[in-house]
Structures are given as structure tokens and as C-alpha cells.
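Novice: Questions regarding the structure given below will be posed in turn.
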Amino acid sequence: MKLIWALMRRDLKLATRQGGGAGTAIGFFVTVIVLLPLGLGPDQALLQRIAPGALWIALLLSVLLSAERIFQSDFEDGSLDAMALGVVPLELVVLAKAAAHWLTTALPLAVAAPLLGFLINLDPGVILPLGLAMLLGSLALSLLASLGAAITVALRRGGLLVSLLILPFYVPCLIFGVAATTSPDLTKPSLLMLSAIALASLVLIPIAAAAALRAYLK
Amino acid sequence: MQQFANPARFLKLAQALLLPVWVAALVAFAAGLYMALVTAPPDYQQGETVRIMFVHVPAAWMALMVYTAMALASASAAIFRHPLADMAAKAAAPIGAMFCFLALVTGSLWGKPMWGAWWVWDARLTSMFVLFLLYLGYMAVWQAIEDPHRAALIARIVAIAGFINVPIVKFSVDWWNSLHQGASVFRMGGPTIDERMLWPLLIMALAYMLLFAGLLLIAMRSEITSRKIRQLQLAGLAGR
Numbered sequence: 001m002k003l004i005w006a007l008m009r010r011d012l013k014l015a016t017r018q019g020g021g022a023g024t025a026i027g028f029f030v031t032v033i034v035l036l037p038l039g040l041g042p043d044q045a046l047l048q049r050i051a052p053g054a055l056w057i058a059l060l061l062s063v064l065l066s067a068e069r070i071f072q073s074d075f076e077d078g079s080l081d082a083m084a085l086g087v088v089p090l091e092l093v094v095l096a097k098a099a100a101h102w103l104t105t106a107l108p109l110a111v112a113a114p115l116l117g118f119l120i121n122l123d124p125g126v127i128l129p130l131g132l133a134m135l136l137g138s139l140a141l142s143l144l145a146s147l148g149a150a151i152t153v154a155l156r157r158g159g160l161l162v163s164l165l166i167l168p169f170y171v172p173c174l175i176f177g178v179a180a181t182t183s184p185d186l187t188k189p190s191l192l193m194l195s196a197i198a199l200a201s202l203v204l205i206p207i208a209a210a211a212a213l214r215a216y217l218k
Numbered sequence: 219m220q221q222f223a224n225p226a227r228f229l230k231l232a233q234a235l236l237l238p239v240w241v242a243a244l245v246a247f248a249a250g251l252y253m254a255l256v257t258a259p260p261d262y263q264q265g266e267t268v269r270i271m272f273v274h275v276p277a278a279w280m281a282l283m284v285y286t287a288m289a290l291a292s293a294s295a296a297i298f299r300h301p302l303a304d305m306a307a308k309a310a311a312p313i314g315a316m317f318c319f320l321a322l323v324t325g326s327l328w329g330k331p332m333w334g335a336w337w338v339w340d341a342r343l344t345s346m347f348v349l350f351l352l353y354l355g356y357m358a359v360w361q362a363i364e365d366p367h368r369a370a371l372i373a374r375i376v377a378i379a380g381f382i383n384v385p386i387v388k389f390s391v392d393w394w395n396s397l398h399q400g401a402s403v404f405r406m407g408g409p410t411i412d413e414r415m416l417w418p419l420l421i422m423a424l425a426y427m428l429l430f431a432g433l434l435l436i437a438m439r440s441e442i443t444s445r446k447i448r449q450l451q452l453a454g455l456a457g458r
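The listed protein sequences correspond, in order, to chains D and A.
In terms of the numbering used here, the numbers along the first sequence are unbroken and rise by one, the last being 218.
In terms of the numbering used here, the numbers along the second sequence are unbroken and rise by one, the last being 458.
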């Protein structure tokens, strides 16, 4: 357990001190949201209608943008080999790194989303369900991103492949995530489905991603 | 299954099976198309356009079946280390993608006169499109990774993870309100479709399945041959 904390602390430190990690994702997120009304025109009613979807799409793309970073540098400098040889099972290493990614990228985005919603006239009544849905959904997004990152870790042109492989898995998150924000109700089936996706990914994805990493490490 | 692990034995079997499979496919296609286009009655609501069903529905079934077969082959490659299972999954992917594409295109052609739109973003259509993306992603993995052993390991994970979409496609019309009609053949309580339409549909499905079998045998044979060539080339380089 202590070792897992150490792994997570290491990743958090790297993400915050190197810059470029969380900062890039948030910058991208803000850029999309700010450019959106400029591109669509300042019609308040239209913006209110598309605000939850726009925030979700911006979240998906920002997470995807930072996905490559989860394993790549550790794979290139050999730290991942050392982690695979260590006492911590590779599945838990994956979980720790995905958690670090979630804490530094997806979670700040999910917290920032309702605030940025004011820029695009988000209905104040849906702020709570949107925040909750994004909190749960971003966990699934981070885990899925780590699976994509593990599958393409050693590939030179991995970016395009990550998008193609992970996009199908992001579609349900997007559909249920946006459906959860249609009314202020907090016990909607879509929100429950989103939690189910997040929990299932939490269990299954470390196993799949660790299997993919082992294929590259041996 | 293990006795077919020997590629030479598999090749011999494939060679023996190919001709009968092609003949049967030809007969099934001739009979199925004749029944679908001539003897089947037009629908009381849709008129003659209902004949698109006989091309569209079996293609969609096959797209799902081939992906299921790919996932099963990948799982058996991971569990039993069957040496031909990865090759079977790899060879099946482009064929399945073709069926999926055919289902999407014929569905689109059918949707225009019936729904008034080439494409609607509803649950069945979207999940089918996602299935097509999964096929492309799976094939891209084999393309992107040069070492075939490593590519096989990664492709297995992709195929098994993507299988989650198959039940979603199947039950999408029950779970969500969909423009697409519900199941009328494989459902609890028996098919609700008229017998004069059911038979041509089932024969067309059989024809598609035989076509898949023939194409799969050829694709697996060429895959085995190309691996042999690769081995020989490597051996030639090592001996020099």
C-alpha cells in the first residue's frame, strides 16, 4: 500500500512540476469553451441547449489529449520495466497511474466545467447533476485513456490509434453523461449507468492494461 | 480443436472444404435471391422496398456474429494458446468489417425512403457504427505493430474489450426508444415475421454464412502462407 502511494505521489509530482500536463488539458478545455460561442454566435437560448454536450465533448477531447502521457515517458526511460519487476503487481501500478492521471487532469476539468458553464449560459439547475456526472464519468474516461495508452505505448504514431481505439468506449460515457444533465434529478438511470461504467472500468481496465503493457515489456 | 493446431493439417482440410463451401454458397445465394426478389410478397406498408431487408438483415447478423467469433477466437488464443486462433481472428476482421459496412450502407438506402433520412443518430445505428469503428481499430492494431507475436497479444485485448458492444447492438432496440424496428426473428416467443418472408431471409443468412466461411478459409490460408514466407526470409537472413 505504501509503495502504491509512493507511485502515485511520484506521478502527481511529475505532473505538477513538469508543467504541460494538467495545464495543457485545462488550457485546451478553456479554449474550446471560449471559442464555441464565437463560432456559433451569441444566441443565449441555443447556447443553453448545447452547453452540457459542449462541456462533455470538451472534457472527452482534453482527456484524450493527455492520454499518451500516462505511460509513455516511463516506458521510454525504463522506469516501467523497473515497476514491472517490483513487488507491486502491474495491475496496481496501472491503477495508481490512472488515479494520478485522474487527479491531475480529469478531476480539475470536471470541477472547472460547471464554472466554465457560466460562459456558455449553462442552466443553473443542472450544475449539480452535471458536476456529479462529470466526477463519475471522468473516472471512467481516465481509466479508458490508460487502456488506450497501454495498448499503444511503444508505437511511434500512437496518437491516432489511441483515438480510434478509445472513441467507441467514450461514446456510452458521452451519451449517458449528457443524458444525466437533462434535469436536476440525481437518481436518473443514466447517472446510475455512468456509475456502473466507472465501477466496471475500475475493476477490468487495470487487468487489460497490465496485460497490454506486459506484451510490450517482455 | 487441438488437432487442427498443425497448420499443415489445417491447410489440407481448408483445401478439401473450399470447393463444397463455394458451391453451397452459390446455390444458397441463387435460391435466396430468387425467393427474396421474386417469390416473397411486398410488404403491406413498405411495398417493394422491404426487399432491402434480405440483404440488410443478414449482413447485420453477420457483422455481430463475426465479431463474436473474433472475440471467442481471441479468448481461446489467450486461454488455450491455440496457434491458429489469432490468425482466425485476424483473418475474420476485414470480412466482418465488410459485412458491417454493407449493413450500414443498405440500412442507409432503406432509411431514406422509409424514415426520410439517410442517417439518424439513434441507438441501433450509432452502436452499429461503433462496431464498425471497433473493426477498424482492431485491424489498425495488426497494421501498427510490426512483430506479429506482440501484435497478436495486443489485438486479443482489443477484440475482447470491444465485445462489450455486441450485446449493446443486439438489445439497443429494446433498451432505448429507437426508430429502428425491434427484433422480429430471434426473440422470446418465436418470430413474428411472416413465413413467406422468413424463409428467404434464413436462406440468405445461410448464404452469407457460407460466403464468410469461404472467405475466412482463403484469408487464413494466405495468412499462414505469408507467415511461412516471413519465416523463410528470416531464416535466409540468418543463414547468410
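By construction, the Cβ of each residue, glycine as well, lies at the ideal position given by its N, Cα and C atoms.
(1) Residues in the same chain with beta-carbon distance under 6 Å from Phe75/D, minus the five sequence neighbours each way, listed in chain order, please.
(2) Any idea which residues DSSP pairs Gly137/D with across the strands?
(3) Cutting at 6 Å between CB atoms, please list the residues of its own chain near Met415/A, excluding the five before and the five after it.
(4) Measuring only the C-alpha atoms, how far is Val338/A from Thr443/A?
(5) Given a limit of 7 Å on CB to CB distance, which residues of the segment 196-208 of chain D reach chain A?
(6) Determine, using beta-carbon pairs with one atom in the segment 226-245 of chain A and one in the segment 117-133 of chain D, whether at least three such pairs fall under 8 Å.
(7) Going by C-alpha to C-alpha distance, which of Ile436/A, Ala335/A, Phe347/A sits closest to Ala278/A?
(8) Which of the three DSSP states, helix, strand or coil, is assigned to Gly265/A?
(9) Within 8 Å of any Cβ in chain D, is that where the Cβ of Arg368/A sits?
(10) Under 8 Å, Cβ to Cβ, is there at least one residue of chain A near Ile50/D?
(11) Express the C-alpha separation of Leu322/A and Tyr353/A in angstroms, rounding to a whole number.
(12) Please classify Thr344/A as buried or exposed, where buried requires at least 16 neighbouring CB atoms within 10 angstroms.
(13) Around the Cβ of Leu186/D, are there at least 16 other Cβ atoms within 10 angstroms (buried) or fewer (exposed)?
(14) Going by beta carbon distance, what residues of the same chain come within less than 6 Å of Met200/A, once the five residues before and after it are set aside?
(15) Starting from Arg368/A, trace the alpha helix (DSSP H) both ways and give me its first and last residue.
(16) For Gly432/A, which residues of its own chain have a beta-carbon under 7 Å away from its beta-carbon, when the five flanking residues on both sides are left out?
(17) Quick one: using the 10 Å Cβ neighbour count with 16 as the cut-off for buried, is Asp11/D buried or exposed?
(18) Below 9 Å between beta carbons is the criterion; list the residues of the segment 278-289 of chain A that meet it against any residue of chain D, in chain order.
(19) Is DSSP giving Leu397/A helix, strand or coil here?
(20) So which residues on chain A does Leu155/D lean against when the C-beta distance must stay under 9 Å?
(21) Quick one: what does DSSP say Ser440/A is sitting in, helix, strand or coil?
(22) Report the neighbours of Pro114/D on chain A: residues whose CB is nearer than 7 Å to its CB, in chain order.
(23) Using a Cβ-Cβ cut-off of 6 Å (strictly less than) and excluding sequence neighbours within five positions of Phe381/A, which residues of its own chain qualify?
(24) Between Thr410/A, Pro418/A, Arg374/A, which has its C-alpha nearest Ala293/A's C-alpha?
(25) In the structure shown, what three-state DSSP assignment does Ile363/A receive?
(26) Under the rule that 16 or more other beta-carbon atoms within 10 Å means buried, what is Tyr262/A, buried or exposed?
(27) Is the beta carbon of Ala291/A closer than 8 Å to that of Met438/A?
(28) Check the Cβ-Cβ distances between Ile297/A and every residue of chain D, and say whether any is below 8 Å.
(29) Please list, in chain order, all residues of the same chain as Arg342/A whose beta carbon is under 6 Å from its beta carbon, the five residues on each side excluded.
(30) Take Val387/A as the anchor and find which of Arg227/A, Pro312/A, Tyr285/A, Ala306/A has the nearest alpha-carbon.
(31) Compare the C-beta of Ile57/D with all C-beta atoms of chain A and state if any pair is closer than 8 Å.
(32) Is the distance from the Cβ of Leu132/D to the Cβ of Phe29/D below 8 Å?
(33) Among Val111/D, Leu65/D, Ile50/D, Phe118/D, which one has its Cα closest to the Cα of Val178/D?
(34) For the segment 89-146 of chain D, list the alpha helix (DSSP H) runs that are entirely contained and at least 4 residues long, ordered along the chain.
(35) Give the residues of chain A in contact with Leu143/D, contact being defined as C-beta atoms less than 7 Å apart.
(36) Looking at chain A, is there any beta carbon in it that lies within less than 8 Å of the beta carbon of Pro168/D?
Specialist: Judging by the given coordinates:
(1) Val153
(2) For Gly137/D, which the question treats as bridged, DSSP gives no partner whatsoever.
(3) Ala258
(4) 43 Å
(5) Ala208
(6) no
(7) Phe347/A
(8) strand
(9) yes
(10) no
(11) 13 Å
(12) buried
(13) exposed
(14) Residue 200/A lies beyond the range of chain A shown here (219 to 458); nothing can be said about it.
(15) 366-380
(16) Leu236, Val239, Trp240, Ala243
(17) buried
(18) none
(19) coil
(20) Ala362, Ile363
(21) helix
(22) Ordered by position in chain A, no residue passes the 7 Å Cβ test against Pro114/D, which lies about 26 Å from the chain.
(23) Ala289
(24) Arg374/A
(25) coil
(26) exposed
(27) no
(28) no
(29) Ser390, Val391, Ser396, His398
(30) Tyr285/A
(31) no
(32) no
(33) Ile50/D
(34) 90-101, 107-117
(35) By Cβ distance, chain A contributes nothing, its closest Cβ being about 12 Å from Leu143/D, past 7 Å.
(36) yes
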